[in-house]
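**Q** Shown below is the structure under consideration.
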Amino acid sequence: MQMNPYLIFNGQCEAAFKFYEKALGGKIESMSTWETSPMSEQVPAEWRGKIIHAQMRIGDMLLFGSDTAPGHYKEPQGFSISLGTKDVAETERIFQELSQNGRVQMAIQKTFWSARFGMLVDQFGIPWMVNCGQAAEAAAS
Numbered sequence: 049m050q051m052n053p054y055l056i057f058n059g060q061c062e063a064a065f066k067f068y069e070k071a072l073g074g075k076i077e078s079m080s081t082w083e084t085s086p087m088s089e090q091v092p093a094e095w096r097g098k099i100i101h102a103q104m105r106i107g108d109m110l111l112f113g114s115d116t117a118p119g120h121y122k123e124p125q126g127f128s129i130s131l132g133t134k135d136v137a138e139t140e141r142i143f144q145e146l147s148q149n150g151r152v153q154m155a156i157q158k159t160f161w162s163a164r165f166g167m168l169v170d171q172f173g174i175p176w177m178v179n180c181g182q183a184a185e186a187a188a189s
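The sequence shown maps to residues 49 to 189 in our numbering.
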């Protein structure tokens with residue numbers, strides 16, 4: 049079994065995936081527009097250049113996303129994408145990248161369970177928890 053996040057955007061999927069590609073060191077494997085799909089007539093002409101499906105590989109994980117049809121978008125709530133790393137410096141870099149033009153909910157810091165942990169909502173409205181496990185603490189000390 050495999051579980052992968054599928055993020056829904058309100059017209060910013062392409063920009064978000066290009067941002068995540070840089071911030072997370074991912075590689076966009078595919079990005080299809082509504083226009084190239086059999087469903088192109090189900091959205092307004094100005095929406096057809098938006099993304100119906102995107103796929104990015106980040107390490108051994110896949111991240112999926114799309115722009116939902118106009119009028120169907122709902123702001124994400126009730127979840128966060130939890131991102132774990134083993135390097136304090138990389139954790140701090142990723143947190144800083146993801147928080148650009150977003151909202152920091154908990155600044156990146158040492159906690160009783162990890163070398164670094166922080167929470168944010170990025171500029172695209174996606175909630176993240178960034179965590180660097182205790183094993184990294186010994187290496188950073």
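No residue lacks a Cβ here, since even glycine has one placed at the ideal position from N, Cα and C.
May I ask you to list the residues that DSSP assigns as paired with Ile129?
**A** The sequence position of residue 129 within the sequence shown is 81, counting from 1. Ile129 is bridged to Trp176.
**Q** Determine the extent of the alpha helix (DSSP H) in which Thr139 is found, giving its start and end residues.
**A** Against the sequence shown, residue 139 aligns to sequence position 91. Where Thr139 is concerned, the enclosing alpha helix (DSSP H) stretches over 136-147.
**Q** Give the secondary structure of Ser85 by DSSP, where H, G and I count as helix, E and B as strand, and everything else as coil.
**A** Sequence index remark: in the sequence shown, residue 85 carries index 37 (1-based). Looking at Ser85 - three-state DSSP - the assignment turns out to be coil, as it is neither helix nor strand.
**Q** Work out the CA separation of Val136 and Gln148 for me, nearest whole Å.
**A** Sequence index remark: in the sequence shown, residue 148 carries index 100 (1-based). Sequence index remark: in the sequence shown, residue 136 carries index 88 (1-based). Taking the straight line from one Cα to the other gives about 19 Å.
**Q** Could you tell me if Lys134 is buried or exposed, where buried requires 16 or more neighbouring beta carbons within 10 angstroms of its beta carbon?
**A** In the sequence shown, residue 134 corresponds to position 86, counting from 1. Classification for Lys134: exposed.
**Q** Less than 8 Å between the CB atoms is what I'm expecting for Gln153 and Leu168, so what's the real figure, rounded?
**A** Reading the sequence shown from its first residue, position 105 is the one you call residue 153. Reading the sequence shown from its first residue, position 120 is the one you call residue 168. Sure, about 6 Å apart at Cβ, within 8 Å.
**Q** May I ask which residues mark the beginning and end of the beta strand (DSSP E) holding Ala117?
**A** To locate residue 117, count along the sequence shown from 1; it is residue 69. Neither: Ala117 is in no beta strand (DSSP E) and is coded neither H nor E.
**Q** Considering only their Cβ atoms, is the gap separating Glu145 from Arg164 smaller than 8 Å?
**A** Position 116 of the sequence shown holds residue 164. Position 97 of the sequence shown holds residue 145. Result no, Cβ atoms of Arg164 and Glu145 do not sit closer than 8 Å.
**Q** Beta strand (DSSP E) containing Phe57: first to last residue?
**A** Sequence index remark: in the sequence shown, residue 57 carries index 9 (1-based). It spans 54-57 - the beta strand (DSSP E) in which Phe57 sits, taken as one unbroken run.
**Q** Alpha carbon to alpha carbon, how far is Asn179 from Arg96? Give it in angstroms, no decimals.
**A** Taking the sequence shown and counting its residues from 1, one reaches residue 96 at position 48. Taking the sequence shown and counting its residues from 1, one reaches residue 179 at position 131. Rounded to whole angstroms, the gap between the alpha carbons of Arg96 and Asn179 is 37 Å.
**Q** Per DSSP, Ser78 forms a beta bridge with which residues?
**A** Taking the first residue of the sequence shown as 1, we reach residue 78 at position 30. In DSSP, Ser78 forms a bridge with Gln103.
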